[in-house]
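Numbering (our numbering), first residue to last: 2 to 248.
Heads up: the structure comes next, in structure tokens.
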């Protein structure tokens, strides 16, 4: 069985092979009490920022695990970085989008309050929704065994998205009526690739104009029109497949 992955502090992962490291807190209690891991079982500990440790459990407590370090790896940040600006989907489609974007390798996920979004984040609801997005990204990243977990940014307005596009190495906006196909774009090996995904009701002309003025390539994926929760996944995978990250 593949060793389960748990998040740990960067400082705890500084131990050399042969030394021990403690996994405590919520992750440690989950490993010991819920997963019921015991001595002799293999685990992977990661800080989600490129450092991971292969370990073996030597002691299980209710508060967590004590693990012996077998090996430690440091992985550089992925290049190019994939940003997906995701208009707020309805219901459980948001969870699906965040999970799948994390699985394919999105590095930054930006929730966007587009004009035609049915869902609105305000006040306490906004804080709870953002926390759920971050929790889904964290758990999906562990499941996908990623050394670098994605960052979920605060809710963005259209002006914020335009600014992201201006600074991108490849700024992309998906639009079902665009003449130019996504496949026609040249994908850089470095920098940030920013993909904007509109809501179910579509991106407004005003939003398209703002993004076009920011230098974005407005493109279509293909003939089928995908839902907002899957369009970013399809576009991200298509772009990453043409980079060294997927070679």
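Beta carbons: idealized from backbone N, C-alpha and C, even for Gly.
Throw me the rounded Cβ distance for the residue 22 and residue 38 pair, which I believe falls under 8 Å.
For the purposes of this step, residue 22 is taken as the residue at position 21 of the chain shown. For the purposes of this step, residue 38 is taken as the residue at position 37 of the chain shown. Between residue 38 and residue 22 the Cβ distance is about 14 Å, and since that is not below 8 Å, they are no contact.
Expressed to the nearest angstrom, what Euclidean distance is found between the alpha-carbon atoms of residue 62 and residue 150?
As a position in the chain shown, residue 62 is number 61, starting the count at 1. As a position in the chain shown, residue 150 is number 149, starting the count at 1. When rounded, the distance between both Cα atoms is 27 Å.
DSSP-derived helix/strand/coil call for residue 102:
Counting from one through the chain shown, the residue named residue 102 turns up at place 101. Three-state result, residue 102: helix.
Would you kindly report the start and end of the unbroken beta strand (DSSP E) that includes residue 230?
Counting from 1 along the chain shown, the entry for residue 230 is found at position 229. No beta strand (DSSP E) contains residue 230, which is instead part of the alpha helix (DSSP H) from 229-241.
Strictly under 8 Å for the Cβ-Cβ distance: is residue 217 near chain D by that measure?
Checking the listed chains, one finds no chain D in this structure; it contains a single protein chain.
When the Cα atoms are used, what is the spatial distance from residue 5 to residue 43?
Position 4 of the chain shown, counting from 1, holds the residue named residue 5. Position 42 of the chain shown, counting from 1, holds the residue named residue 43. So the two alpha carbons sit approximately 8 Å from each other.
Sort 184, 207, 154, 213 by Cα distance to residue 116 and report the nearest one.
Position 115 of the chain shown holds residue 116. Nearest option by C-alpha distance: 207.
Where does residue 121 land, buried or exposed, given buried means 16+ other C-beta within 10 angstroms?
Along the chain shown, read from residue 1 onward, the residue named residue 121 stands at position 120. By the neighbour-count rule (16 or more Cβ atoms within 10 Å), residue 121 is not buried but exposed.
Please list the segments of the alpha helix (DSSP H) lying wholly inside the region 3-62, counting only runs of 4 or more residues, in order along the chain.
26-30
DSSP three-state assignment for residue 223, whether helix, strand or coil:
Position 222 of the chain shown, counting from 1, holds the residue named residue 223. Looking at residue 223 - three-state DSSP - the assignment turns out to be coil, as it is neither helix nor strand.
Provide the residue(s) that pair with residue 87 in DSSP beta bridges, ordered along the chain.
In the chain shown, residue 87 corresponds to position 86, counting from 1. Note: residue 87 sits in a beta bridge opposite 112, 198.
Any idea what DSSP makes of residue 150, helix, strand or coil?
In the chain shown, residue 150 corresponds to position 149, counting from 1. In the structure shown, residue 150 sits in coil (DSSP, three-state: anything other than H, G, I, E or B).
If you pair each beta-carbon of the region 71-87 with each one of the region 100-117, do three or more pairs fall below 8 Å?
Flag = yes, the region 71-87 and the region 100-117 touch.
Return the CA-CA distance between residue 135 and residue 58, expressed in angstroms with no decimal places.
One-based indexing of the chain shown puts residue 135 at position 134. One-based indexing of the chain shown puts residue 58 at position 57. Taking the straight line joining both Cα atoms gives about 28 Å.
Can you tell me where the alpha helix (DSSP H) holding residue 162 begins and where it ends?
In the chain shown, counting from the first residue as 1, residue 162 sits at position 161. Looking at the DSSP string, the run of the alpha helix (DSSP H) that includes residue 162 is 159-167.
Tell me which residue opens and which closes the alpha helix (DSSP H) that residue 73 is part of.
By 1-based counting over the chain shown, the position of residue 73 is 72. Segment 65-75 is the beta strand (DSSP E) holding residue 73; no alpha helix (DSSP H) there.
With 16 other Cβ atoms within 10 Å as the buried cut-off, status of residue 113
Start at 1 with the first residue of the chain shown, and residue 113 comes out as number 112. By the 16-neighbour rule on beta-carbons within 10 angstroms, residue 113 is buried.
Taking residue 66 as the reference, which of 188, 32, 93 has the closest Cα?
In the chain shown, counting from the first residue as 1, residue 66 sits at position 65. The candidate whose alpha carbon is nearest that of residue 66 is 32.
Would you please state the rounded distance, in angstroms, between the beta carbons of residue 162 and residue 197? I believe it to be under 8 Å.
Looking up residue 162 in the chain shown gives position 161. Looking up residue 197 in the chain shown gives position 196. Indeed they touch by this definition, with Cβ atoms about 6 Å apart.
Residue 26 to residue 55, Cα distance in whole Å?
Stepping through the chain shown from its first residue, residue 26 is reached at position 25. Stepping through the chain shown from its first residue, residue 55 is reached at position 54. One C-alpha to the other measures close to 19 Å.
When the Cα atoms are used, what is the spatial distance from residue 195 to residue 41?
For the purposes of this step, residue 195 is taken as the residue at position 194 of the chain shown. For the purposes of this step, residue 41 is taken as the residue at position 40 of the chain shown. About 44 Å.
Which term fits residue 1, buried or exposed, when burial requires 16 or more other beta carbons within 10 angstroms of its beta carbon?
Absent from the structure is residue 1, since the part of the chain shown begins at 2 and ends at 248.
Thinking C-beta only, is residue 239 closer than 8 Å to residue 183?
Locating residue 183 in the chain shown gives position 182, counting from the first residue. Locating residue 239 in the chain shown gives position 238, counting from the first residue. Yes, they are a contact pair.
Cβ separation of residue 165 and residue 118, assumed to be a contact under 8 Å, to the nearest whole Å
Against the chain shown, residue 165 aligns to sequence position 164. Against the chain shown, residue 118 aligns to sequence position 117. Contact flag wrong, Cβ pair sits at about 17 Å.
Quick one: what does DSSP say residue 190 is sitting in, helix, strand or coil?
For this step, residue 190 is matched to residue 189 along the chain shown. Look at residue 190 here: in three-state DSSP terms it is coil, with no helix or strand label.
Sequence-distant residues of its chain with Cβ nearer than 6 Å to residue 192 (five each side left out)
Working through the chain shown from its first residue, we reach residue 192 at position 191. For residue 192, where only same-chain residues beyond five positions count, the Cβ hits under 6 Å are 81, 170.
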